[in-house]
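Novice:
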Amino acid sequence: MSAEKVSTSEKTAIGIAHSKLILIGEHAVVHGQPAIAIPFPLIGVETMIEYVPGAVKLDSAFYYGPLHLAPKSLHGIANCIKGTLDYLEIPAQDLVIRINSSIPPGKGLGSSASVAISVIRSLFNYADRECTEEELLQLANIAETYAHGSPSGIDTLTITADTPIWFEKNQPITKIEIQEDFHFIVADSGQDADTKSAVASVTSLLKKAPRKIQRKIDRIGQLTHDAKGALEKASKHFLGQLLNEAQKELEFLGVSDAVLNRLIQFARSEGALGAKLTGGGNGGCIIALAQNEVHSKQLAEKLKKFGAQSVWPFVLKKQD
Ligand code: MEV
Numbered sequence: 221m222s223a224e225k226v227s228t229s230e231k232t233a234i235g236i237a238h239s240k241l242i243l244i245g246e247h248a249v250v251h252g253q254p255a256i257a258i259p260f261p262l263i264g265v266e267t268m269i270e271y272v273p274g275a276v277k278l279d280s281a282f283y284y285g286p287l288h289l290a291p292k293s294l295h296g297i298a299n300c301i302k303g304t305l306d307y308l309e310i311p312a313q314d315l316v317i318r319i320n321s322s323i324p325p326g327k328g329l330g331s332s333a334s335v336a337i338s339v340i341r342s343l344f345n346y347a348d349r350e351c352t353e354e355e356l357l358q359l360a361n362i363a364e365t366y367a368h369g370s371p372s373g374i375d376t377l378t379i380t381a382d383t384p385i386w387f388e389k390n391q392p393i394t395k396i397e398i399q400e401d402f403h404f405i406v407a408d409s410g411q412d413a414d415t416k417s418a419v420a421s422v423t424s425l426l427k428k429a430p431r432k433i434q435r436k437i438d439r440i441g442q443l444t445h446d447a448k449g450a451l452e453k454a455s456k457h458f459l460g461q462l463l464n465e466a467q468k469e470l471e472f473l474g475v476s477d478a479v480l481n482r483l484i485q486f487a488r489s490e491g492a493l494g495a496k497l498t499g500g501g502n503g504g505c506i507i508a509l510a511q512n513e514v515h516s517k518q519l520a521e522k523l524k525k526f527g528a529q530s531v532w533p534f535v536l537k538k539q540d
């Protein structure tokens, strides 16, 4: 065996990615309005590539086996892997791709984009290649297009960012400067969300009643502009009101459901300054703005007792 082959067979490589949250602007962002997204580093994905002779295999919580036999739910990531291997001119053989994720899938927390990004990063590391932002986004969008149908691109961009971002489709993202710590809680309704069908349902509503629905989308856009100002000026109470108003519009668009609404109402009744769904909706998670750190912990406990499946209190920190 040549020295080169020995070193190849021992080769492993890792790629990581964190999760993301949409603070405000989901759905409207697909139709040209801005959205504000926040990196959510409490949960994430680590992918490890190992040299193992044979067909390319996937090893994940949902499936272990050859890549080409992966179930339908993994076709997006399987296509993304094939696209990345082709792009890097790595032969599609002798690899095991081990995906370890703490992001619950189907909850609007960017699981599909985070998995794609960690996999792409690991394959670039395996090939000893640096990955540019552009390459990362283009390759991740193979999986995202599969997962969301017609994604705005917000999930992939936020996952590669480490600050809150202002996002508009086909525009460069900009950073939002935060003047004070904001304490949020994310709570999982326990219901699976299907972002693809939620996006498709809003698009079909827009076709059926263009003027009425466009007004709602424009309104969410306006609330998002105001929310940027509230974040920059540390206006917690105002931000809370804006989140509540955005929720009203999302309900009108038909992407909230009874379980999300119950959690949102409960969070508000327990003193949240504002609460709304986050991500695609119709299942998935809510985001609530707490009054301060102590309140955030108390509210997290209460939401858990009320029936939220998982609860994550976290701080959006003021930049130094
Ligand atoms: C999903 O996280 C956010 C949506 O606006 C879809 C998208 O922007 O691709 C619902």
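Going left to right, the sequence shown walks through residues 221 to 540 as my numbering numbers them.
Here a beta-carbon is modelled for each residue, glycine too, at the ideal position from N, C-alpha and C.
Closer than 7 Å to a non-hydrogen atom of the ligand MEV - does that hold for the CB of P371?
Specialist: Answer for P371: yes, Cβ within range of the ligand MEV.
Novice: In whole angstroms, what is the alpha-carbon distance linking V226 and R341?
Specialist: Interpretation of V226 is limited by its pLDDT of 36, a score under 50 that renders its predicted location unreliable; no figure is taken from the coordinates.
Novice: Taking only the alpha-carbon atoms, compute the straight-line gap between I393 and G499 and give it to the nearest angstrom.
Specialist: So the two alpha carbons sit approximately 18 Å from each other.
Novice: Note down the Cα distance separating A298 from D412, rounded to an integer number of angstroms.
Specialist: Their backbone Cα atoms lie some 21 Å apart in a straight line.
Novice: Measure the C-alpha to C-alpha separation of L523 and E490 and round it to an integer number of angstroms.
Specialist: The alpha-carbon atoms of L523 and E490 are separated by roughly 9 Å.
Novice: Could you check whether A478 and R488 sit closer than 8 Å to each other, using their CB atoms as the reference points?
Specialist: Contact flag unset, no.
Novice: Run the CB neighbour count on D382, radius 10 Å, all protein chains shown included, and call it buried at 16 or more, exposed below.
Specialist: Burial call: exposed.
Novice: Specify the secondary structure class of I236 as computed by DSSP and reduced to three states.
Specialist: Correct three-state label for I236: strand.
Novice: Please classify Q292 as buried or exposed, where buried requires at least 16 neighbouring CB atoms within 10 angstroms.
Specialist: In the sequence under discussion, the amino acid at residue 292 is Lys, which differs from the Gln named in the question. Answer is exposed; the Cβ neighbour count stays below 16.
Novice: Would you list the residues sitting across from H403 in a DSSP beta bridge?
Specialist: Answer is V535, bridged to H403.
Novice: Could you tell me the distance, in whole angstroms, from the CA atom of Q539 to the CA atom of I310?
Specialist: Those two C-alpha atoms are separated by around 40 Å.
Novice: When you compare only the Cα positions, how much space is there between N320 and H247?
Specialist: Roughly 29 Å separates the two Cα atoms.
Novice: Would you mind sorting P371 into buried or exposed? The rule is 16 or more other CB atoms within 10 Å of its CB.
Specialist: Per the 10 Å Cβ criterion, buried.
Novice: I need the straight-line Cα distance from C351 to F404, nearest angstrom please.
Specialist: Between C351 and F404, the C-alpha separation is close to 32 Å.
Novice: Tell me the DSSP secondary structure of A520 in three-state form.
Specialist: Note: A520 maps to helix in three-state DSSP.
Novice: Does the beta carbon of E400 fall short of 7 Å from some heavy atom of the ligand MEV?
Specialist: No, the beta carbon of E400 sits no closer than 7 Å to any heavy atom of the ligand MEV.
Novice: Given E400, which residues of its chain have a CB within under 6 Å of its CB, disregarding the five upstream and five downstream residues?
Specialist: A454 and K538.
Novice: Please list, in chain order, all residues of the same chain as A450 whose beta carbon is under 7 Å from its beta carbon, the five residues on each side excluded.
Specialist: The residues are F458, L459 and L462.
Novice: Could you give the distance in angstroms between the alpha-carbon of E353 and the alpha-carbon of T380?
Specialist: Each residue's Cα considered, the two are about 8 Å apart.
Novice: Is the beta carbon of G504 sitting closer than 8 Å to the one on S409?
Specialist: Yes.
Novice: Only counting the same chain, and skipping five residues up and downstream in sequence, which positions put a Cβ closer than 8 Å to that of H515?
Specialist: Excluding sequence neighbours, H515 sits near H403 and G491.
Novice: Where does C300 sit, in a helix, a strand or coil, going by DSSP?
Specialist: Three-state DSSP puts C300 in a helix.
Novice: Cutting at 8 Å between CB atoms, please list the residues of its own chain near N345, excluding the five before and the five after it.
Specialist: Around N345: A233, I234, G235 and I269.
Novice: Are three or more beta carbon pairs between the segment 265-279 and the segment 329-340 nearer than 8 Å?
Specialist: Touching, yes, given that three or more Cβ pairs across the two stretches are closer than 8 Å.
Novice: Would L343 pass as a contact of T304 if the rule is Cβ separation under 8 Å?
Specialist: Contact flag set, yes.
Novice: Between the Cα of K231 and those of P286, D306 and A347, spot the shortest distance and give me the residue it belongs to.
Specialist: The residue with the shortest Cα to Cα distance from K231 is A347.
Novice: Just checking I374 against the ligand MEV - is the residue's beta carbon closer than 7 Å to any of the ligand's heavy atoms?
Specialist: Result yes, Cβ under 7 Å from the ligand MEV.
Novice: Enumerate in chain order the residues of its own chain whose CB-to-CB distance from A223 is below 7 Å, with the five nearest sequence positions on each side excluded.
Specialist: Reliability fails at A223, whose pLDDT of 34 lies under 50, so the model's placement of it is uncertain and the value that follows must be treated cautiously. The answer is none, since no qualifying residue turns up.
Novice: Would you identify the three-state DSSP class for Q391, choosing helix, strand or coil?
Specialist: If DSSP states are grouped into helix, strand and coil, Q391 belongs with coil.
Novice: Between which two residues does the beta strand (DSSP E) carrying A487 extend?
Specialist: Careful: A487 lies outside any beta strand (DSSP E), inside the alpha helix (DSSP H) at A478 to S489.
Novice: Alpha carbon to alpha carbon, how far is Y366 from M221? Give it in angstroms, no decimals.
Specialist: For M221, the predicted model reports a pLDDT of 33, less than 50, meaning its position is unreliable; a value from the coordinates is still stated below. Using only the alpha carbons, I get a separation of about 41 Å.
Novice: Enumerate in chain order the residues of its own chain whose CB-to-CB distance from D279 is below 8 Å, with the five nearest sequence positions on each side excluded.
Specialist: So the qualifying residues of the chain are V316, I317, R318 and I319.
Novice: Going by beta carbon distance, what residues of the same chain come within less than 7 Å of G252, once the five residues before and after it are set aside?
Specialist: Around G252: K389.
Novice: Short of 6 Å in beta carbon distance, which residues of its chain neighbour F526, apart from the five on each side in sequence? Order them along the chain.
Specialist: Excluding sequence neighbours, F526 sits near F486.
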